[in-house]
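Asker:
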Ligand SMILES: Cc1cc2nc3c(=O)[nH]c(=O)nc-3n(C[C@H](O)[C@H](O)[C@H](O)COP(=O)(O)O)c2cc1C
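Numbering (the UniProt record's numbering), first residue to last: 1 to 412.
1) Tell me the start and end of each unbroken alpha helix (DSSP H) in the region 334-398 that is at least 4 residues and wholly inside, in chain order.
2) Compute every distance between the C-beta of residue 86 and the non-hydrogen atoms of ligand 1, then say whether any falls below 6 Å.
3) If I'm right that residue 197 touches residue 63 with Cβ under 8 Å, what's the distance once you round it to whole angstroms?
4) As an exercise, report each continuous alpha helix (DSSP H) stretch of at least 4 residues that is fully enclosed by the region 217-244, in chain order.
5) Going by other Cβ atoms of all chains shown within 10 Å of its Cβ, with 16 needed for buried, is residue 181 buried or exposed?
6) Would you give the residue range spanned by the beta strand (DSSP E) that residue 65 belongs to?
7) For ligand 1, any of its heavy atoms closer than 6 Å to the Cβ of residue 107?
8) Under 8 Å, with one C-beta from each stretch per pair, do the region 358-373 and the region 114-128 reach the 3-pair mark?
9) Identify every run of the beta strand (DSSP E) within the region 133-183, keeping only runs that are complete inside it and at least 3 residues long; order them along the chain.
10) Residue 108 lies in the beta strand (DSSP E); which residues open and close that run?
11) By the three-class DSSP mapping on this structure, what secondary structure does residue 318 have?
12) Starting from the C-beta of residue 454, find all residues in its chain whose C-beta is less than 8 Å away, skip the five residues before and the five after it, and write them out in chain order.
13) So for residue 8, helix, strand or coil by DSSP?
14) Run through the DSSP bridge pairs and tell me what residue 101 is partnered with.
15) With 7 Å set as the bound, which would you pick, yes or no: does the beta-carbon of residue 406 sit closer than that to a beta-carbon of chain C?
16) Under the assumption that residue 391 contacts residue 330 (Cβ atoms under 8 Å), give the Cβ distance between them as a whole number of angstroms.
17) Between the region 336-355 and the region 176-195, do at least 3 Cβ pairs fall closer than 8 Å?
18) Once DSSP output is grouped into helix, strand and coil, what is the label at residue 215?
19) If you run the structure through DSSP and keep just helix, strand and coil, what is residue 259?
20) Please name the residue in 317, 190, 372 whose C-alpha comes closest to that of residue 272.
21) Can you tell me where the alpha helix (DSSP H) with residue 206 in it begins and where it stops?
22) Using only the alpha-carbon positions, how far apart do residue 43 and residue 146 sit?
23) So what's residue 282 in DSSP terms, helix, strand or just coil?
24) Mind checking which residues open and close the alpha helix (DSSP H) that includes residue 299?
25) Per DSSP, which one or two residues make a beta bridge with residue 269?
26) Between the Cα of residue 166 and those of 328, 105, 172, 306, spot the shortest distance and give me the residue it belongs to.
27) Are the beta-carbon atoms belonging to residue 322 and residue 187 less than 7 Å from one another?
28) Buried or exposed for residue 421, going by 16 or more other Cβ atoms inside 10 Å?
29) According to DSSP, is residue 405 helix, strand or coil?
30) Could you tell me if the beta carbon of residue 117 falls within a distance shorter than 6 Å of some heavy atom in ligand 1?
31) Using a threshold of 6 Å, is the CB atom of residue 351 nearer than that to any non-hydrogen atom of ligand 1?
32) Thinking C-beta only, is residue 92 closer than 7 Å to residue 126?
33) In the DSSP assignment, the alpha helix (DSSP H) including residue 86 goes from what residue to what residue?
34) Does the beta-carbon distance from residue 266 to residue 65 come in below 7 Å?
35) Check whether the Cβ atoms of residue 332 and residue 132 sit closer than 7 Å, and answer yes or no.
36) Below 8 Å CB to CB, which residues in the same chain sit around residue 305 once its five sequence neighbours on both sides are set aside?
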């Protein structure tokens with residue numbers, strides 16, 4: 001068990017109560033999964049059709065909240081184009097925990113600590129992985145926009161929120177094929193095709209994207225390994241659900257349960273991106289909430305199904321879980337792998353409950369059950385897990401999640 005992160009030596013945070021990130025009402029994130037489990041049907045007539053329109057049933061992936069996916073390759077030149085690419089990156093709970101200060105020759109990437117996940121990510125590890133994802137997109141776009149970027153991570157010891165400084169000079173390096181994948185990459189939570197295995201060659205190609213000596217990717221691809229990792233992730237989901245602080249308060253802060261919320265806040269987790277069958281997704285938008293107990297049991301069922309259809313599992317480990325720059329560099333690798341996977345029509349989904357539970361165990365001072373299990377999984381005390389995920393060939397394309405506008409994330 002790692003003991004190098006403790007609440008006393010690491011800043012602990014609570015979810016913000018700022019107006020921009022409201023605590024949500026009574027509809028929970030896992031309403032979506034409850035619907036999958038209960039087989040609910042409604043008569044769609046009259047007011048039902050009105051509610052369907054009101055809830056965006058006919059406008060999936062449309063409206064201002066989704067425009068950044070279409071506008072990302074602006075016709076005007078300049079450094080803001082790099083931010084347009086950065087904000088499409090993967091990030092925890094779609095909290096979009098970033099701010100950018102942009103000049104003609106430099107971009108500073110800041111952590112927006114107000115956009116934290118509370119008890120889900122008490123040490124801001126996931127936040128910094130997400131910032132690394134944004135940095136990777138930004139750098140892919142820098143080359144494509146005719147710059148040679150030079151990056152310094154954590155350039156100012158007096159400002160912990162300054163994650164990276166990117167100096168931009170003119171350049172003409174070839175554009176990576178990964179750049180074009182930026183608007184096509186989406187976290188895919190649908191079931192994966194169990195008849196189509198992920199080959200060793202594919203896993204090796206993903207591993208080859210890693211050029212960082214402080215980051216490691218490990219694979220769990222054979223049937224026995226998949227079963228064992230799958231069981232661990234399901235057990236972690238159970239522990240997550242049993243912990244009401246982690247389960248309800250924090251996670252629900254980021255749930256955008258209706259169309260108006262999505263268009264207003266342009267962040268968070270949505271029903272559309274949940275990987276549900278079409279009918280369930282439509283009904284989920286139209287129906288009122290179900291009980292917390294139903295939500296919990298169906299969430300667990302959904303996790304079990306996702307785990308069951310994984311073609312392989314992987315994990316990202318770093319040498320020192322506390323090291324911010326290593327967290328950011330791991331995030332860069334996650335995004336790069338996901339962009340490459342998108343090119344190969346390979347679906348990916350982080351399933352990070354085990355590491356979230358490991359952090360929570362430290363905060364609560366309880367037995368490090370998941371912390372120990374993750375160490376056993378890695379099998380080398382020199383490495384510490386920060387992200388677990390599944391991959392495979394999906395039965396459906398992953399759908400877009402909302403994004404805030406560039407103007408909302410650029411500071412003066
Ligand atoms: C550090 C990190 C942890 C994540 N953990 C989970 C997870 O446990 N389950 C999940 O379904 N998605 C997880 N995600 C995916 C995010 O929810 C997703 O990136 C975000 O909602 C934006 O959606 P997009 O990736 O489709 O653009 C994680 C992403 C990151 C970067």
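Quick reminder that beta carbons are idealized off the backbone N, C-alpha and C, glycines included.
Answerer: Taking the coordinates as given:
1) 353-364, 369-378
2) no
3) Actually they do not touch by this definition, with Cβ atoms about 38 Å apart.
4) 223-242
5) buried
6) Unbroken run through residue 65: none, as it is neither H nor E.
7) no
8) yes
9) 147-153, 162-170
10) 106-111
11) strand
12) A question about residue 454 goes unanswered here, because the residues of the chain that appear run from 1 up to 412.
13) Interpretation of residue 8 is limited by its pLDDT of 29, a score under 50 that renders its predicted location unreliable; the figure taken from the coordinates is listed afterwards. Three-state result, residue 8: coil.
14) 108, 411
15) As a matter of chain content, chain C is missing from the structure shown, which is built from one protein chain.
16) No, residue 391 and residue 330 are not in contact; Cβ-Cβ is about 16 Å, not under 8 Å.
17) yes
18) strand
19) helix
20) 190
21) 200-207
22) Only weak support is given to the placement of residue 43: the predicted model assigns it a pLDDT of 37, under 50, and the question is left unresolved by the model.
23) helix
24) 292-308
25) 255
26) 105
27) no
28) Outside the displayed span of the chain (1 to 412) sits residue 421, for which this structure offers no information.
29) coil
30) no
31) yes
32) yes
33) 80-86
34) yes
35) yes
36) 191
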